[in-house]
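See structure below.
Protein chains in written order, with our numbering: chain A, 1 to 84; chain B, 1 to 151.
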């Protein structure tokens with residue numbers, strides 16, 4: 001199953017693209033997607049803990065399934081999340 | 001309720017005017033400005049980028065959380081994207097309520113929560129080049145979890 005992944009901010013600089021196409025197994029999860037991205041862009045490997053993944057514009061944990069046609073994005077740390 | 005990502009300058013007084021009503025005894029506003037320094041370095045300008053569709057959706061979620069927590073439904077939030085100069089307003093918030101306490105709390109909650117869950121990024125440009133600002137590394141739950149809960 002091919003998943004089109006939107007990339008923003010720092011993640012866009014890593015991939016060099018606004019959107020990358022990634023192959024994951026049918027019924028695959030966010031964790032599968034992270035694995036494929038780490039293989040393709042090794043610089044992500046040490047940074048995955050800080051990158052969130054959204055599916056259909058909702059933050060989605062590693063176990064979330066990705067279905068054909070879902071809108072998927074990489075969300076690097078957002079600015080200014082430091083607590084007051 | 002106004003929740004918008006904008007490319008043009010933000011007028012906080014105009015936001016206040018949009019939430020005012022006869023039953024509101026209090027209007028509280030907040031403006032987040034571009035500062036001329038960051039972590040000891042001089043900043044020349046900033047660039048804000050958004051995942052626009054999700055950002056507007058998450059702004060609406062913040063507004064719904066505020067309505068639920070503080071009963072404040074007269075709320076306007078705008079976040080600007082693009083190139084911003086020192087002193088310009090990056091985020092503007094206005095909240096109106098019958099009494100002041102809820103309006104203050106709504107503004108405070110809105111800005112804190114925006115910085116937690118609304119996908120907007122800022123790139124700082126200074127004398128030594130440009131850097132994506134990531135301030136949440138220390139306190140944030142792992143990004144492998146789902147959405148961070150409100151504080």
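Glycine included, C-beta positions come from ideal geometry on N, C-alpha and C.
- With a cutoff of 8 Å on beta-carbon distance, residue 33 of chain B and residue 123 of chain B are scored as not near each other.
- In this structure, residue 106 of chain B places its C-beta atom within 8 Å of the C-beta atom of residue 75 of chain B.
- Contacts with chain B at 8 Å (Cβ-Cβ) include residue 77 of chain A.
- Taken in chain order, the whole beta strand (DSSP E) runs of length 3 or more contained in the segment 22 to 50 of chain B are 26 to 33, 41 to 50.
- According to the DSSP secondary-structure assignment, residue 8 of chain B is paired through a beta bridge with no residue.
- Looking at B:49, B:53, B:38, B:114, the one whose alpha-carbon comes closest to that of residue 129 of chain B is B:38.
- In this structure, B:115 is the residue among B:115, B:22, B:102 with its C-alpha nearest to the C-alpha of residue 91 of chain B.
- Distance from the CA atom of residue 97 of chain B to the CA atom of residue 25 of chain B, rounded to whole angstroms, is 6 Å.
- Residue 63 of chain B sits close to residue 77 of chain B, with the two beta carbons spaced by under 8 Å.
- Annotation for residue 18 of chain B: 2, 76, 94 place their beta carbon closer than 8 Å to its own, counting only its chain and skipping 5 residues before and after.
- It is roughly 10 Å from the alpha-carbon of residue 30 of chain A to the alpha-carbon of residue 52 of chain A.
- Residue 69 of chain B and residue 120 of chain B have their C-alpha atoms spaced approximately 24 Å apart.
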